[in-house]
């Protein structure tokens, strides 16, 4: 099995590193020094796993032709230019998106006729260097068919990922899970980014718990209007996650702390666009969206 | 004229320093070293004014007996213990409160039968040391009667403050101005504290401007329900303030940056309590209140 992982941030690195143990994995990077580091040293995975994977890396997709599966694992903000690079290439491959929010599949679908799988992931890690990623949360990646694929195709990739030592689950329809994660993320990431709090007990009780609950309720109303039955209740996901025993730092909090652009546009932005399309008011998500955007505006 | 300024933070220091040029001013401090610094070096005022005021200071109110006017200038969070110290003292004096939010007058009124004036101030400064305050914004202090006082009493104090080189204005009813400031503060302070932005153009345009407008609208609905006609439109105050040419850092932003307790309970808390009393929904102010409280919770 030949796999290309396009984009090797935290999630891409975790997937590439683990999959390299059971398949022929190549990584498409944006920066030449990133590809050079991976080619020279391999990719070290620490934390819940501990090994160094040998894999190929390149900045030119031509060098990585012949893949059967291309996992598009870049951050949402980098998706458009990456999709542009993939256009006209990797004929015969199935492409799988793993972005936050909604709509990544359509960005890819517009650039070629590949069969497409859709995925969302709850695993997390810390990227220590171009060639070193720490595997922190061993939660699952969920996979479903999107275009020209079936639940059986999703299950085949899920099985491959599980055989590599990660958690994965396939569904016939990903939307109920994708939307559960969207509502969860739009709520937890923005609250963490604005308060500075890791995802801890404050999110599940008292005044902040009430705000989190109200944000989840707004999100659930949008899902209902969009005809999506959520697979998991985002409030239950929130309560469950705060009881893991150690506090997780959501990526949007890490982004604002490091003065990096956040995924607010993809996450809360997706939810707001769906709300607008279906005539649902989301005043609290709109408020938090504006506050996070303003926070980004004062990085300079 | 003998004046005691009780509490010499930024506002207390600005009032005490200027008034010492036209009256006999003593300062009641909490810390002995603060009183000692003022007694030894006087109080330096820089910025828009530039002089050193000679004044007396003490931590024991007994040493400051005989005042005709006591200006209660502490931060709202220090009001209860200070009111306790004033109880049974300063017979014959008029007391004037200058706290943010609503209700400071009642805390004082409950401790004695003094005539009471109510004030809000828009001036601002930076406290560089116990004996040095910089006068930054030369905006006005507004004064009105509260209990056992008249508009003429308010005007007499306003005139005294103007003669000392500060801006002041008297009103027969302070509530329309106090509430204007309350709605303005509940909006601008929380948004600044959460975004990290100084009070600049972002507050008056685009997405953040829309949020600010929506927060002001919630506040205006509470004022209307409470039977208060605002003297100035808080949205206009906001737009005007963002055009001053230099960006002001609201005190709540300075507080969260320095990991100090904020005045959220006094400011947004006052507004939420009035909203509850009059059955008005304030979901956005409630959301921002919860976020700022959560921000305080992660200082440790």
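Residue numbers (the numbering used here), protein chains in the order written: chain A, 465 to 764; chain B, 465 to 764.
Positions of the beta carbon are idealized from the N, C-alpha and C atoms, including for glycine.
These figures come from a predicted structure and were not determined experimentally.
Assigned with DSSP and collapsed to three states, residue 609(A) falls in strand. In the DSSP assignment, residue 488(A) falls within the beta strand (DSSP E) that extends over 488-492. When DSSP states are grouped into helix, strand and coil, residue 475(B) belongs to the helix group. Taking 8 Å as the CB threshold, residue 671(A) lines the interface with chain B. Around the beta-carbon of residue 639(A), 16 or more other beta-carbon atoms lie within 10 Å, marking it buried. In this structure, residue 624(A) lies away from residue 535(A), with their beta-carbon atoms at least 8 Å apart. Between the beta-carbon of residue 755(B) and that of residue 748(A) there is about 11 Å, and that puts the pair past the 8 Å contact cut. Annotated three-state conformation of residue 582(A) is strand, per DSSP.
In the DSSP assignment, residue 517(B) forms a beta bridge with 507(B). Within the region 602-663 of chain A, the complete beta strand (DSSP E) segments of 3 residues or longer fall at 605-611 and 632-634, listed in chain order. Annotated as distal: residue 717(A) and residue 540(A), with beta-carbon spacing of 8 Å or more. Annotated as distal: residue 530(B) and residue 517(B), with beta-carbon spacing of 8 Å or more. With contact defined as three or more Cβ pairs closer than 8 Å, the region 662-672 of chain A and the region 707-714 of chain A are in contact. Relative to residue 469(B), the option among 497(B), 510(B) and 554(B) whose CA is nearest is 554(B).
Listed along chain B, no residue sits closer than 8 Å to residue 714(A) by beta-carbon distance, the nearest being about 13 Å off.
Of all alpha-carbon atoms in 504(B), 679(B) and 619(B), the one lying nearest the alpha-carbon of residue 654(B) is that of 679(B).
Under DSSP, residue 593(B) shares a beta bridge with 596(B).
When 7 Å is used as the limit between beta carbons, residue 717(B) is near no residue of chain A, the shortest such separation being about 10 Å. Contacts between residue 666(A) and chain B, judged by CB atoms closer than 7 Å, involve 758 and 761 in chain order. When only Cα atoms are considered, residue 502(A) and residue 489(A) end up about 12 Å apart.
For residue 534(B), no alpha helix (DSSP H) run applies; the uninterrupted beta strand (DSSP E) run containing it begins and ends at 533-536, by DSSP. For residue 638(B), not one C-beta of chain A is nearer than 8 Å to its own C-beta.
Just so you know, the alpha carbons of residue 739(B) and residue 733(B) end up roughly 10 Å apart. CA-to-CA, the gap between residue 576(B) and residue 632(B) works out to about 26 Å. A direct Cα-Cα distance of roughly 30 Å separates residue 626(A) from residue 735(A).
Secondary structure at residue 470(A): strand, using DSSP grouped into helix, strand and coil. With fewer than 16 other beta carbons inside 10 angstroms of its own, residue 723(A) counts as exposed.
The beta-carbon of residue 698(B) is placed no less than 8 Å from the nearest beta-carbon of chain A. Taking each of 647(B), 607(B), 699(B) and 589(B) in turn and checking the Cα distance to residue 514(B), the smallest one comes out for 589(B). Apart from the 5 residues on each side of it in sequence, residue 573(B) sits with its Cβ closer than 7 Å to the Cβ of 580 and 611 in its chain, given in chain order.
By the Cβ neighbour-count rule, residue 691(B) is exposed, with fewer than 16 other Cβ atoms within 10 Å of its own.
Residues 735, 738, 739, 742, 744 and 746 of the same chain have their beta carbon placed closer than 7 Å to that of residue 686(B), with the five preceding and five following residues left out of the count.
Interface annotation, residue 651(B): not in contact with chain A, CB-CB separation never under 8 Å. A straight line joining the alpha-carbon of residue 618(B) with that of residue 596(B) spans about 28 Å. Per DSSP, the continuous beta strand (DSSP E) segment holding residue 558(B) begins and ends at 558-561.
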